[in-house]
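In my numbering, the protein residues as written are 12 to 325. Every residue, glycine too, gets a C-beta built ideally from N, C-alpha and C. These numbers come from a predicted model, not from an experiment. Each remark here refers to the structure printed beneath this line.
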Amino acid sequence: MRVVMFGYQTWGHRTLQALLESGHQVVLVVTHPKSDHAYEKIWDDSVAELAEKHGVPVEIRNRPDESLVERLREVEPDVIVATNWRTWIPPEIFRLPRLGTLNVHDSLLPAYAGFAPLIWALINGEEQVGVTAHMMDDDLDAGDIVLQRAVPVGPTDTTTDLFHRTLDLFGPITVDGLALIASGRTDWVKQDRTKASFFHKRSIEDSRIDWGWPAQDIERLVRAQSDPYPNAFTYHRGQRLRILSASVSAGRYGGTPGRIFIREGDGVVVVAGADARHGRNHGLLIQRVRLDDGTELPALDHFTTMGGYLTAHP
């Protein structure tokens with residue numbers, strides 16, 4: 012089939028590589044310009060460079076416009092594939108190919124539509140994540156499901172682990188989805204909209220630790236904001252402190268959320284949870300931190316005395 016691909020960053024790069032190695036003809040690639048956004052500088056393998064290396068024409072857009080519509084009509088695609096495209100694709104484009112548009116999204120739709128699904132899923136304690144290939148329609152990430160593949164989330168997995176695990180699914184699910192479309196299949200699975208959720212883009216603000224959260228939730232936030240993502244952070248004595256490694260304390264501790272309380276094992280316990288005053292909560296056992304100058308050190312070396320508070324702001 013004649014394929015146009017809309018894609019960006021490493022997800023798009025991996026998808027394009029799979030398309031180039033398949034029996035399909037990639038007639039045009041559309042991608043975004045490079046961005047300075049903190050999250051878009053991560054996993055930023057260039058789709059444009061890969062396309063150009065293989066002699067595939069490239070159009071660079073922040074969002075589709077009328078000139079792009081005309082370009083698409085010229086190349087006459089049978090199908091469009093979209094992977095990690097960051098802005099709305101209008102109906103005049105996704106309906107243009109005779110076989111429609113296949114969107115590949117890194118969540119198990121209908122849950123976690125929108126942005127940063129792996130991070131949000133890990134924060135929320137989901138037991139599995141995955142990738143969905145679906146036919147694009149008028150609502151974002153809401154079209155009929157062609158294929159879906161899942162991977163488990165382990166108790167110590169980080170978003171970086173889940174990224175690599177789900178990235179390996181992008182090429183195969185795209186090629187397999189196109190094979191089903193080419194076969195004439197149209198009996199796709201409708202999404203159950205009563206189970207849908209839609210998440211916004213993450214920003215630095217979303218990495219700020221709220222000590223009113225239960226320790227279990229904060230521990231997952233730390234794993235969700237693993238390197239190279241912007242780390243979960245708090246403030247100690249007015250200075251920002253990034254938390255690189257943490258777990259839930261063995262003991263239960265009472266008091267005020269954010270209190271630097273006691274050494275336990277290889278770390279330092281901080282009181283957590285809005286109801287910590289009752290003394291029934293586990294704390295967050297901080298094990299490794301990073302200072303603003305990039306210095307990394309064990310929490311036991313940073314917190315040389317107990318007492319004081321970690322706060323959301325300086």
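Secondary structure of residue i, DSSP reduced to three states
| i | result |
| --- | --- |
| Arg-84 | helix |
| Val-92 | strand |
| Glu-216 | helix |
| Phe-314 | coil |
| Pro-108 | coil |
| Gly-141 | strand |
| Val-67 | coil |
| Ser-325 | Here residue 325 is Pro; the residue named in the question, Ser, does not match the sequence. Coil, per DSSP. |
| His-289 | helix |
| Leu-252 | strand |
| His-247 | strand |
| Leu-302 | strand |
| Ala-124 | strand |
| Arg-72 | coil |
| Arg-263 | strand |
| Arg-270 | strand |
Limits of the beta strand (DSSP E) - the one that residue i falls within
| i | result |
| --- | --- |
| Glu-307 | 307-309 |
| Thr-112 | 112-116 |
| Ala-161 | 156-163 |
| Phe-17 | 13-18 |
For residue i, the residue or residues it bridges with in DSSP
| i | result |
| --- | --- |
| Glu-275 | Gly-278 |
| Leu-296 | Ser-258 and Val-280 |
| Val-200 | Ile-156 |
| Met-146 | Leu-113 |
Beta carbon of residue i nearer than 8 Å to that of residue j
| i | j | result |
| --- | --- | --- |
| Val-140 | Leu-129 | yes |
| Ile-271 | Tyr-320 | yes |
| Ile-220 | Ile-254 | yes |
| Ala-243 | Gln-250 | no |
| Ala-283 | Leu-295 | yes |
| Val-92 | Val-14 | yes |
| Gly-18 | Asn-73 | no |
| Pro-241 | Ala-49 | yes |
First and last residue of the uninterrupted alpha helix (DSSP H) at residue i
| i | result |
| --- | --- |
| Leu-39 | Where Leu-39 is concerned, there is no enclosing alpha helix (DSSP H), although the beta strand (DSSP E) it sits in stretches over 36-42. |
| Asp-179 | 170-193 |
| Asp-228 | 226-235 |
Cutoff 8 Å: residue i Cβ touching any chain C Cβ
| i | result |
| --- | --- |
| Lys-201 | The structure shown contains no chain C, having only a single protein chain. |
Within the chosen definition, does the stretch 46-64 reach the stretch 99-116 through at least 3 CB pairs nearer than 8 Å? Fewer than three beta-carbon pairs drawn from the stretch 46-64 and the stretch 99-116 are found closer than 8 Å, and the two stretches are therefore not classed as touching.
Inter-stretch contact at 8 Å, needing at least 3 Cβ pairs: the stretch 78-94 / the stretch 108-117: Three or more beta-carbon pairs separated by less than 8 Å link the stretch 78-94 to the stretch 108-117, which places the two stretches in contact.
Please determine if the stretch 191-200 and the stretch 153-162 are in contact, where contact requires at least 3 C-beta pairs separated by less than 8 Å. yes
Between the stretch 20-30 and the stretch 178-185, can you find at least three pairs of beta-carbon atoms closer than 8 Å? yes
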